[in-house]
Every structure is written in C-alpha cells, then in structure tokens.
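Peer 1: This is the structure, below, for whatever I ask next.
Numbering (my numbering), first residue to last: 48 to 133.
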C-alpha cells in the first residue's frame with residue numbers, strides 16, 4: 048500500500064509492471080507498436096538528449112539518450128511491456 052501511494056505521488060502508475068512506467072507514457076502505449084507515431088509520443092514526453100556514449104538503459108529515462116530512433120523506440124517499448132530494461 049505504501050509503495051502504491053509513493054508511486055502515485057511521484058507520477059507513476061501503481062499496477063504491476065506499470066509501476067515503473069511514468070503515468071503519461073500510458074497514452075503512448077495505446078498507439079500502434081513500432082511506429083513513428085509512438086516514438087513521437089515518447090519523445091514529446093521525454094525529449095531526446097543525445098550522449099556520445101549512451102550505454103545501457105537502466106531506467107526509462109535513459110532511453111532518451113539512444114541516438115537511433117529504432118533504438119529509442121525499442122528501449123521505451125521494453126520498459127512499457129516488461130518494466131525492465133532491454
């Protein structure tokens with residue numbers, strides 16, 4: 048119960064694997080998987096911020112550092128479906 052309240056207080060959904068996904072991203076999950084429209088939705092919520100060496104994503108916020116669009120989309124989708132990094 049405390050975890051659910053804390054999750055909601057910090058803008059996260061409180062159910063299952065969704066507990067690690069920021070609440071605004073739920074709308075992106077309703078779009079067709081693997082599409083530019085879905086990536087645009089993710090990018091609107093968490094703008095890309097490229098790094099020279101992005102490394103492995105350990106949390107959803109790290110996906111924005113991926114250089115290639117397909118890598119960002121795969122990274123975000125992984126967190127949306129499993130709550131775990133790709």
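A virtual CB, placed ideally from N, CA and C, is assigned to each residue, including glycine. Predicted model, so just to flag it, every value in this text is computed and none were measured.
What distance in whole Å lies between the Cβ atoms of residue 112 and residue 94, which are believed to be in contact at a cut-off of 8 Å?
Peer 2: The count along the chain shown starts at 1 and reaches residue 94 at position 47. The count along the chain shown starts at 1 and reaches residue 112 at position 65. Wrong, their Cβ atoms sit about 11 Å apart, outside the cutoff.
Peer 1: Please classify residue 77 as buried or exposed, where buried requires at least 16 neighbouring CB atoms within 10 angstroms.
Peer 2: For the purposes of this step, residue 77 is identified with residue 30 of the chain shown, where counting begins at 1. The residue in question, residue 77, is exposed, as its Cβ has fewer than 16 Cβ neighbours within 10 Å.
Peer 1: Just to confirm my understanding: we take residue 63, look at its own chain, exclude 5 residues before and 5 after, and list those with CB closer than 6 Å. What are they?
Peer 2: Walking along the chain shown from the start, residue 63 turns up at place 16. Because residue 63 sits at a pLDDT of 49, beneath the cut-off of 50, its placement in the model cannot be relied upon, and the following sentence gives the value as read from the coordinates. So the list is empty, once near-sequence residues are dropped.
Peer 1: Going by the beta-carbon positions, is the gap between residue 86 and residue 114 smaller than 8 Å?
Peer 2: Counted from its first residue, the chain shown places residue 86 at position 39. Counted from its first residue, the chain shown places residue 114 at position 67. No, they are not a contact pair.
Peer 1: From residue 126 to residue 92, what does the alpha carbon distance come to, in whole angstroms?
Peer 2: Indexing the chain shown from 1 puts residue 126 at position 79. Indexing the chain shown from 1 puts residue 92 at position 45. Cα to Cα, the separation comes out at about 15 Å.
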